[in-house]
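Using the numbering used here, you'd call the opening residue of the sequence shown number 1 and step up by one each time. In this text, a Cβ means the ideal position worked out from N, Cα and C, and glycines have one as well. Please read these numbers as outputs of a predicted model, since none were measured by experiment. In what follows, a single structure is set out as structure tokens and then discussed.
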Amino acid sequence: MVSKKLVPFGTNIFSEMTRFAEEMGAINLSQGFPDFDGPPALLENAVKALRSGHNQYARSMGYQSLVEAVAEKISQHYKLNYDPYTEVAVCSGATEGMASTFLGLLNPGDEVIVFEPYYDSYPVCAALAGAVPRFYTLRFPDFTVDLKELEKCFSNKTRLLVLNTPHNPTGKVFSRDELEGIAGLCIKYDVIVVTDEVYEHLTYDGAEHIPMAGIPGMRDRTLTISSAGKTFSLTGWRVGWITGPGKLVAAFQSAHQYVTFAAATPLQSALAAMLREIKDDYYHNLRGEYLGRRSLLLNALKDTGFRAALPMGTYYILADFTDLWKGDDKSFVRYLVERCRVAAIPPSVFYTRNPEEGKRLVRFAFCKKLETLSEAAGRLKRLTGQAVI
Ligand code: GLN
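Here you go:
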């Protein structure tokens, strides 16, 4: 019954692993959502918005006060200026933002460059738009970009390059040199960049998030997508935003107006107030809290015998389990749930060109309470026979 375009993609791995975790009573370190709530002030803003009549369709490109607050936030953080009414649009989460961008910009046969391992929706968006993905493989444990190799992915049909920094699932934060190198290729081949920067505020150890739009020559060919889900620990709100030059935002909007029309009005209103109220210490504290969670899980993984890549951003850790299990990643995540009651993601599903690269790896999410992570750490000891089962 399913459209031929979608048959190759099957069931979303996040839904599948969360369901399996629930069935088995496992701690869910698979799907990346916090097991704690967002800031109480923001929840209160939403209650107020619901009670004060902010309940009809919002403006399709975004509730007025939210597009203004987003433009202001981006100008403060990155010194990038966007017109709130023509260069900012609100979407129903970054995932819808990405889908509407692909649908609004691409023609059948256009080529799209995607870094693998990728966030799983990117190749699906390409397929829906009738576009052809070309994959560049980032290799464990450094995930560096070799520009000569990357250039081989470009052709005269390349229309888009999809970037994601900080990067899910590797935790890589693209450096300025890498971004400049990628930008140089995009300018040379006249390619548009769509950059998913939803983890922009989750960087560690002094790593700096650098927006692609701020790289010289890139503002006019870059669409940047971000959202409230990760920054405010509200992944269920589905409120994201997209910024870029008017002509590119208009292409996104041409699809968005028919995909979801508008994101939820009371949540947009609540978020607008929050973005205006918070100070820099909110982002600073968020990082500090995530740093504690990262250390706890990283140490537990190392003590158990995983070889983990140190994530400089996001809330994921990619780890090699070779010393613990001889099978592939799919059999390992099953074993992990059955033996330890801890769920994780098998990352080979995030590769198309070189799935072998992901078969010895597993992705853990650390967007969980310290007590959840401590409990998971204790359970992981069962892998080495150090704990009583
Ligand atoms: N972004 C989250 C992750 O990578 C969840 C995505 C989803 O559930 N669709 O885990």
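Can you check which of these residues, the options, is closest to residue i by C-alpha distance?
| i | options | result |
| --- | --- | --- |
| H284 | D205, L324, P355, K302 | D205 |
| E200 | E375, G385, V162, Y315 | Y315 |
| D190 | I317, M218, A250, S233 | M218 |
| F350 | L234, H256, I187, Y136 | Y136 |
| D37 | A300, N81, L234 | L234 |
| L336 | K148, P39, L361 | L361 |
| K369 | D329, K302, Y290, K330 | Y290 |
| E111 | L160, E180, P123 | L160 |
| I225 | E22, D280, F366, S100 | S100 |
| N45 | S331, E375, R276 | R276 |
| G27 | R238, L383, E371, K152 | The question names Gly, but residue 27 is Ile in the sequence shown. Of R238, L383, E371, K152, the residue nearest in Cα terms is E371. |
| R221 | E197, G246, V259, P40 | G246 |
| Y78 | E87, D196, I210 | I210 |
| A58 | A41, Q268, T203 | Q268 |
| G358 | E338, C367, D329, T203 | D329 |
| E197 | S331, Y119, A129 | Y119 |
| F14 | Y258, L29, S155 | L29 |
| P123 | R363, F364, R353, G385 | R353 |
| F140 | L318, L223, K302 | L318 |
| L223 | A207, Q253, T231 | Q253 |
| R287 | L202, Y258, V7 | L202 |
| F33 | E375, A376, F364, G385 | F364 |
Look at the Cβ atom of residue i, then the Cβ atom of residue j, and state whether they are nearer than 7 Å.
| i | j | result |
| --- | --- | --- |
| V90 | G53 | no |
| V193 | L163 | yes |
| S227 | G240 | yes |
| G378 | I242 | no |
| K213 | L105 | A quick correction: the sequence has Ala, not Lys, at residue 213. No, these two residues do not count as a Cβ contact at 7 Å. |
| V145 | P133 | no |
| P117 | P166 | no |
| S60 | T95 | no |
| L298 | L373 | no |
| L380 | A300 | yes |
| A131 | K5 | no |
| Y82 | A71 | yes |
| R307 | F366 | no |
| V67 | V88 | yes |
| T333 | P346 | Here residue 333 turns out to be Val, not Thr, going by the sequence shown. Cβ atoms of V333 and P346: closer than 7 Å. |
| L147 | G181 | yes |
| L50 | P266 | yes |
| F102 | A129 | yes |
| L248 | T304 | no |
| P311 | G171 | yes |
Is the closest heavy atom of the ligand GLN to the C-beta of residue i under 6 Å?
| i | result |
| --- | --- |
| Q31 | yes |
| N28 | no |
| N45 | no |
| F14 | yes |
| N168 | yes |
Name the DSSP beta bridge partners of residue i, please?
| i | result |
| --- | --- |
| E23 | In DSSP, E23 forms no bridge with anything. |
| S227 | G240 |
| I345 | R363 |
| V132 | E111 |
| G32 | Its beta-bridge partners do not exist; DSSP assigns none. |
| N164 | D196 |
| T203 | G313 |
| C91 | G240 |
| A308 | A319 |
| E116 | T137 |
| T222 | V193 |
| T158 | E111 |
Report yes if the C-beta of residue i is less than 6 Å from at least one heavy atom of the ligand COA; otherwise report no.
| i | result |
| --- | --- |
| V2 | Summarising the ligand content, the structure contains the ligand GLN and does not contain the ligand COA. |
So does the region 176 to 188 actually touch the region 260 to 275, counting three or more Cβ pairs closer than 8 Å?
-> no
Looking at C-beta atoms only, is the number of pairs between the region 167 to 183 and the region 320 to 334 that lie closer than 8 Å three or more?
-> Touching, no, given that fewer than three Cβ pairs across the two stretches are closer than 8 Å.
Inter-stretch contact (C-beta, 8 Å, three-pair minimum) for the region 338 to 348 and the region 14 to 23 | yes
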